[in-house]
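Structure first, then comments.
There are 2 protein chains.
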Amino acid sequence: MKRKITLKHIARELDVSISTVSKALKNSEEIGRDTKDKIQAFAKLYNYRPNNIAISLKNKRTKNIGVIIPDIVHHFFTTVFRGIEHYANARGYNVIVCVSDESFDKEVINMEMLANGSIDGFIMALSAETQLKNDYNHLKEVTEQGIPLVLFDRVTDEIQCDKVIINDEEAAYRAVENLIELGRKKIALVTTENYLNVSAKRAEGYRRALKDNNISFDENLVLQLPYQMEEESMSEAFFKNQKFDALLCVNEIFAVKCMGLARKYNKRVPQDMACIGFTDGILSKYSTPSLTSVDQHGELMGETAAQMLIDKIESDHGENDEEQFETKIISATLIERGSTLSNS
Amino acid sequence: MKRKITLKHIARELDVSISTVSKALKNSEEIGRDTKDKIQAFAKLYNYRPNNIAISLKNKRTKNIGVIIPDIVHHFFTTVFRGIEHYANARGYNVIVCVSDESFDKEVINMEMLANGSIDGFIMALSAETQLKNDYNHLKEVTEQGIPLVLFDRVTDEIQCDKVIINDEEAAYRAVENLIELGRKKIALVTTENYLNVSAKRAEGYRRALKDNNISFDENLVLQLPYQMEEESMSEAFFKNQKFDALLCVNEIFAVKCMGLARKYNKRVPQDMACIGFTDGILSKYSTPSLTSVDQHGELMGETAAQMLIDKIESDHGENDEEQFETKIISATLIERGSTLSNS
DNA sequence: TTGTATGCGTTATCAA
DNA sequence: TTGATAACGCATACAA
Chain R
8 MKRKITLKHI ARELDVSIST VSKALKNSEE IGRDTKDKIQ AFAKLYNYRP
58 NNIAISLKNK RTKNIGVIIP DIVHHFFTTV FRGIEHYANA RGYNVIVCVS
108 DESFDKEVIN MEMLANGSID GFIMALSAET QLKNDYNHLK EVTEQGIPLV
158 LFDRVTDEIQ CDKVIINDEE AAYRAVENLI ELGRKKIALV TTENYLNVSA
208 KRAEGYRRAL KDNNISFDEN LVLQLPYQME EESMSEAFFK NQKFDALLCV
258 NEIFAVKCMG LARKYNKRVP QDMACIGFTD GILSKYSTPS LTSVDQHGEL
308 MGETAAQMLI DKIESDHGEN DEEQFETKII SATLIERGST LSNS
Chain C
8 MKRKITLKHI ARELDVSIST VSKALKNSEE IGRDTKDKIQ AFAKLYNYRP
58 NNIAISLKNK RTKNIGVIIP DIVHHFFTTV FRGIEHYANA RGYNVIVCVS
108 DESFDKEVIN MEMLANGSID GFIMALSAET QLKNDYNHLK EVTEQGIPLV
158 LFDRVTDEIQ CDKVIINDEE AAYRAVENLI ELGRKKIALV TTENYLNVSA
208 KRAEGYRRAL KDNNISFDEN LVLQLPYQME EESMSEAFFK NQKFDALLCV
258 NEIFAVKCMG LARKYNKRVP QDMACIGFTD GILSKYSTPS LTSVDQHGEL
308 MGETAAQMLI DKIESDHGEN DEEQFETKII SATLIERGST LSNS
């Protein structure tokens, strides 16, 4: 077993001091040609690599960023994560992921673990429970310690920090307008409980679009499902009792499920019921018919968040001057497919 | 800004030595009641937390594990990751993820970065390119350094280490038998290039099942698609030219795409063409018809891998005795749905 | 009961 | 041109 070699080993072996070795390996001008050559050759031979941990301790920089997301088996978060990972890697950072499982406690525990020196900054999306409790003390503590934080997608106004979001309200607005342009009059909304701020935003856009187009808002056309829509009864009843010719769903699973129900109740998609979902994931692409959906550009969001974070981390000498925070808005785009276009 | 406090701060503030503080906070019996109380109170007040990095350096244990996977926007890997993350967290470990993007070079770079002290062990699935090149020197180096490694799913015989796999060959065998029991005679296989060892295994199972049931193997009934099946021409031709009444696909995307093609060529699923896929992901559940598929139990695989890894890490005093490696096999199970069951 | 010294691996300052 | 020393934050063997 070839154990990792350290500066000390090299120094001892070559009968020089540790600091000489250190300098030689950094190609310092201070060290003589011969000594440098000798040391460098030896280091290469034994494949010397500096120990990251020691360097972290010395520099007070880990080159790690912490990512905390509610769920990992989830197309959108996964996409964002990919963007973060790519960008971070390109700038020499590694990514430590913790999954909160939509739990407040886990979110808090994970943050505290990582905040004790393991990472240089956080990127996170709030768990559902955190948003429900409206308790952000763990975020406050972290920012007060001077650890940079970037929130994405599931954000809160309670915390002053960089943020990356999509224009949910407007995306929903445009989706509904799109349906109206297709001649739809009775447009239903399928959403989650309102404490998820993205859902709330989307509902606002939905209402505003109706209003701007002189369609009166009908509460009966809003179906609010629990986040993990497991039992079908609510949606079954909705399909039985309500009349509508179009559907806006706040995620693609709801949308695909609803298209299934439409089939069951003999509504053709898109002829009798057009359908638009949020999250342009794998389901949208491969469902039958394929689903028109709002692409949230997760990868771009991730890259953007990572860039904001790393920029802040690396400019952190300015701990005195007034902190300036930014909220970047990623423009969602509508990908039109079979569920609204009859010629597909 | 409340900067992180250290032992040294406390010591200075309370006019005691650093080691006294250290012991007091560990509730050591050596320290007097009063001093202990004083120190503990102070530490609590200022929310003292030991610095992870310093502890890592001291203990030569990071409590981090490195996970390297080919892709993160991928249901199966994501599921495995969840299992790893859950288990690791429960045992006090954090997870650093690197994505190889199916690239050999990235895999190597990522491993080397993490191997320099950032992690206590690796869990990984080989990238496609690595399997294609058949070059495992980066894995060898890591294991030779005494860093524990667990491979899962995409493994290789070239490396001696712990492994977790599913019984791919048998799962495919059983899937085909299932189709035969349903009365299917001409069963096609849709697979990827063979350098992906899982695909190869599945193809073996397919052939063995045919043989055991006296169905002659017909090369024309095997469709081999590039990994990222973007152009449709090959599969279109296949559907036009070949006759078959059942399909085994090595992943769910292929399966769903094929069901789409079946529709296009007026084959009813499952009546005219039954279909089974691998990876019981979101597509299988929500496709129309829903897809019968082989559940690889990714989460269990992840937990198992994490357990093997952490057990090895924590038993690592035994660096002298002969290393014993294990390969655990997770039993895949067939989830029957609409694509093989006509009554659904 | 408390404190001193040393080490983990590295870098940086200063002295030789 | 090289080396001794201190420091990063913590833990511990050993002294006092």
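Going down the list, the sequences are from chains R and C. Quick note: the first sequence uses my numbering, first residue 8, plus one each step. Quick note: the second sequence uses my numbering, first residue 8, plus one each step. All residues carry an ideal CB built from backbone N, CA and C; glycine is no exception. All figures in this text were calculated on a predicted structure; none of them were measured in a lab.
Residue pairing by DSSP places Lys170 (chain C) opposite C:Leu158, C:Thr334 in a beta bridge. Residues of the stretch 55 to 66 of chain R with a C-beta less than 8 Å from any C-beta of chain C: Arg56, Pro57, Asn58, Asn59, Ile60, Ala61, Ser63, Leu64, listed in chain order. For chain C, the residues of the stretch 81 to 94 of chain R that bring a beta carbon within less than 9 Å of one of its beta carbons are His81, His82, Thr85, Thr86, Phe88, Arg89, Glu92, His93, in chain order. The beta carbon of Ala269 (chain C) lies closer than 6 Å to those of Val276, Met280 in the same chain, with the five residues before and after it left out. Residue C:Asp108 holds the alpha-carbon nearest to the alpha-carbon of His93 (chain R) among C:Phe88, C:Ala97, C:Val102, C:Asp108. When Cβ-Cβ separations below 7 Å define contact, Ser125 (chain R) makes contact with chain C. At a cut-off of 7 Å between beta-carbon atoms, Asn258 (chain R) makes no contact with chain C. Per DSSP, Thr198 (chain C) is one residue of the beta strand (DSSP E) stretching across 194 to 199. Chain order gives the chain R residues near Asn101 (chain C) as Ile103, Cys105, Met120, Leu121, Ser125, where near means a beta carbon separation below 8 Å. Per DSSP, Asp78 (chain C) lies in no beta strand (DSSP E) and is assigned neither H nor E. Within the same chain, Met280 come within 7 Å of Lys274 (chain R) by CB-CB distance, once the 5 residues on both sides are set aside. Exposed is the label assigned to Glu151 (chain R), since fewer than 16 other Cβ atoms lie within 10 Å of its Cβ. Among the residues facing chain R, Thr311 (chain C) is not included, as its CB has no counterpart in that chain under 7 Å away.
In the DSSP annotation of this structure, the continuous segment of the alpha helix (DSSP H) that includes Phe111 (chain R) starts and ends at 111 to 122.
Between the stretch 250 to 262 of chain R and the stretch 281 to 294 of chain R there are three or more C-beta pairs closer than 8 Å, enough to call the two in contact. Around Tyr293 (chain R), the beta-carbon contacts reaching into chain C at under 8 Å are Ile260, Val263, Lys264, Gly267, Leu290, Ser294. In this structure, Val87 (chain C) and Met131 (chain C) do not form a Cβ contact; the two beta carbons are roughly 11 Å apart against a cut-off of 8 Å. Residues Lys208, Arg209, Glu211, Gly212, Arg215 of the same chain have their beta carbon placed closer than 8 Å to that of Glu176 (chain R), with the five preceding and five following residues left out of the count.
With a 10 Å radius around the Cβ and a threshold of 16 neighbouring Cβ atoms, Asp127 (chain R) comes out buried. Linking Lys250 (chain C) to Gly190 (chain C) through their CA atoms gives a straight-line distance of about 15 Å. Using a CB distance cut-off of 7 Å, Glu151 (chain C) counts as an interface residue toward chain R.
If the five residues before and after Val28 (chain C) are omitted, its C-beta is found closer than 7 Å to the C-beta atoms of Leu14, Ile17, Ala18, Ile46, all from its own chain and listed in chain order. Using beta-carbon distances, Ile72 (chain R) does not count as an interface residue toward chain C, since no partner is under 7 Å. Judged by pairs of C-beta atoms under 8 Å, the stretch 215 to 227 of chain C touches the stretch 178 to 193 of chain C, as three or more such pairs exist.
Here the alpha carbons of Lys271 (chain C) and Lys170 (chain R) stand approximately 45 Å from one another. Counting every other CB atom within 10 Å of its CB across the protein chains shown gives Asn66 (chain R) a total below 16, marking it as exposed. Ala339 (chain C) is a Cβ neighbour of Ala178 (chain C), given a cutoff of 7 Å. Among the residues of the stretch 201 to 215 of chain R, none has a Cβ less than 7 Å away from any Cβ of chain C. Separation of Leu316 (chain C) and Ser125 (chain C) (C-alpha to C-alpha, rounded to the nearest whole angstrom) is 15 Å. Counting only unbroken stretches of 3 or more residues, the beta strand (DSSP E) elements lying wholly within the stretch 277 to 315 of chain R are 281 to 285, 299 to 302, in sequence order.
In this structure, Tyr143 (chain C) places its C-beta atom within 7 Å of the C-beta atom of Glu165 (chain C). By the neighbour-count definition (other C-beta atoms within 10 Å, threshold 16), Pro233 (chain C) is an exposed residue.
The residue from C:Leu158, C:Ile172, C:Leu255, C:Val205 with its alpha-carbon nearest to that of Ile194 (chain C) is C:Leu255. Close CB contacts of Glu136 (chain R) within its chain, under the 7 Å cut and outside five residues either way in sequence, are with Glu109, Ser110, Phe111 (chain order). Burial of Ile172 (chain C) is indicated by the presence of at least 16 other C-beta atoms within 10 angstroms of its C-beta. Going by beta carbons, Ile103 (chain R) and Asn54 (chain R) fall outside the 7 Å limit.
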